[in-house]
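Residue numbers (the UniProt record's numbering), protein chains in the order written: chain A, 1 to 148; chain B, 1 to 115.
To start, the structure under review is shown below, and the notes come after it.
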């Protein structure tokens with residue numbers, strides 16, 4: 001793509017930011033600054049939008065930057081792995097999933113996590129049963145055993 | 001003509017053929033159901049257990065487990081392994097089984113090539 005064509009398209013930045021704690025420092029600062037967005041403006045807007053969330057919770061955001069340097073962003077629910085790790089009380093997922101169990105999770109936890117994720121826009125067409133199976137899949141990838 | 005004693009002995013001998021040569025524990029009597037309730041305990045997580053980490057909103061009360069009966073029926077079937085149906089040659093089951101076996105074979109061959 002030519003430089004001019006690249007400049008004419010809207011750019012999308014996908015980034016995981018702790019709620020209420022956006023700051024111009026890396027990783028947010030360079031990611032936005034490189035595309036011409038004033039990171040201070042973004043941080044103020046982001047912190048305002050995530051004010052209802054507990055501070056520090058990782059929030060995936062999708063920032064769309066127009067060629068005239070204006071931006072819009074969408075926030076989504078925290079990642080499933082974050083919830084699973086918190087529920088099971090572990091810091092990091094297993095280095096070798098499938099070769100050992102590092103924690104256990106109940107189906108009731110899975111149900112509640114699925115309920116939270118179902119509020120997301122990009123999942124609202126799925127049945128809760130389907131979302132719950134994806135949560136179980138993530139648990140398996142982390143090395144957690146799902147028990148009834 | 002067998003005498004009475006010989007007849008008895010013969011019966012005994014026949015009976016000895018049916019003595020088990022292995023041990024088998026007696027089947028336990030079916031456990032009596034809990035008094036008053038006819039509900040099975042489906043979950044390892046009893047009612048009113050605090051589910052940690054799921055209250056990610058500010059000032060959200062802790063998320064608590066509900067009673068087993070308040071969860072939908074499909075929840076308890078999520079961790080059951082899927083059984084591939086056996087509908088004879090040419091059916092869906094055969095196709096699924098063959099695909100699974102082929103994928104497994106490819107993975108094994110690929111792994112061996114790295115060795």
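For each residue, glycine too, the CB sits at the ideal point set by N, CA and C.
Quiz item: Helix, strand or coil: how does DSSP classify residue 93 (chain B) here?
Solution: In the structure shown, residue 93 (chain B) sits in a helix (DSSP, three-state: H, G or I).
Quiz item: Which bits of chain B does residue 149 (chain A) rub up against, with CB to CB less than 8 Å?
Solution: The requested residue 149 (chain A) is not part of the displayed model; chain A covers only 1 to 148.
Practice problem: Please say whether residue 71 (chain B) and residue 117 (chain A) have beta carbons closer to each other than 8 Å? | Solution: no
Quiz prompt | Proximal residues of chain A, C-beta to C-beta of residue 53 (chain B) below 7 Å | solution = What residue 53 (chain B) touches in chain A: 83, 86, 87.
Quiz item: Does the beta carbon of residue 8 (chain A) come closer than 8 Å to any beta carbon on chain B?
Solution: no
Quiz item: With DSSP run on the structure shown, which of helix, strand or coil describes residue 9 (chain A)?
Solution: coil
Self-check item: DSSP state of residue 140 (chain A) mapped onto helix, strand, coil
Solution: helix
Quiz item: At a Cβ cut of 7 Å, what residues of the stretch 13–31 of chain A count as close to chain B, listed as they run along the chain?
Solution: none
Self-check item: As assigned by DSSP and simplified to three states, the class of residue 35 (chain B)
Solution: Reliability of the predicted coordinates at residue 35 (chain B) is poor, the pLDDT of 41 falling under 50, and the value obtained from them is presented with this limitation in mind. Looking at residue 35 (chain B) - three-state DSSP - the assignment turns out to be coil, as it is neither helix nor strand.
Quiz item: Distance, Cα to Cα, residue 58 (chain B) vs residue 126 (chain A)?
Solution: Between the C-alpha atoms of residue 58 (chain B) and residue 126 (chain A) there is a straight-line separation of about 27 Å.
Exercise. Determine the DSSP secondary structure at residue 99 (chain B), reduced to helix, strand or coil.
Key: helix
Exercise. Would you give the residue range spanned by the beta strand (DSSP E) that residue 116 (chain A) belongs to?
Key: No beta strand (DSSP E) contains residue 116 (chain A), which is instead part of the alpha helix (DSSP H) from 107–117.
Quiz item: Below 8 Å between beta carbons: does that hold for residue 130 (chain A) and residue 110 (chain A)?
Solution: no
Practice problem: Select from A:86, A:93, A:18, A:36 the residue whose C-alpha is nearest the C-alpha of residue 167 (chain A). | Solution: The structure shown does not extend to residue 167 (chain A), since chain A is modelled only from 1 through 148, so no value can be given for it.
Quiz item: Taking the alpha-carbon positions, what's the residue 84 (chain B) to residue 102 (chain B) distance?
Solution: 15 Å
Quiz item: What does a CB cutoff of less than 6 Å around residue 43 (chain B) pick up in its chain, not counting 5 residues either side in sequence?
Solution: 68
Quiz item: For residue 2 (chain A), is the classification buried or exposed, using 16 other Cβ atoms within 10 angstroms of its Cβ as the cut-off for buried?
Solution: Residue environment for residue 2 (chain A): exposed (fewer than 16 other C-beta atoms within 10 angstroms of its C-beta).
Self-check item: Exposure label - residue 114 (chain B); buried when at least 16 CB within 10 Å
Solution: exposed
Quiz item: Cβ atoms of residue 112 (chain A) and residue 54 (chain B): under 8 Å apart, would you say?
Solution: yes
Quiz item: Once you ignore the five residues that flank residue 135 (chain A) on each side, which residues in its own chain have a CB closer than 6 Å to its CB?
Solution: 80, 110, 113, 114
Quiz item: Going by alpha carbons, who is nearest to residue 147 (chain A) out of A:140, A:123, A:105?
Solution: A:105
Exercise. List the residues of chain B whose Cβ lies closer than 9 Å to the Cβ of residue 151 (chain A), in chain order.
Key: This structure cannot speak to residue 151 (chain A), because chain A is shown only from 1 to 148.
Exercise. Per DSSP, which residues does residue 14 (chain A) bridge with? Please list them.
Key: Residue 14 (chain A) is bridged to A:62.
Practice problem: Evaluate residue 112 (chain B) with the Cβ neighbour count: other Cβ atoms within 10 Å of its Cβ, from every protein chain shown; 16 or more gives buried, anything less gives exposed. | Solution: exposed
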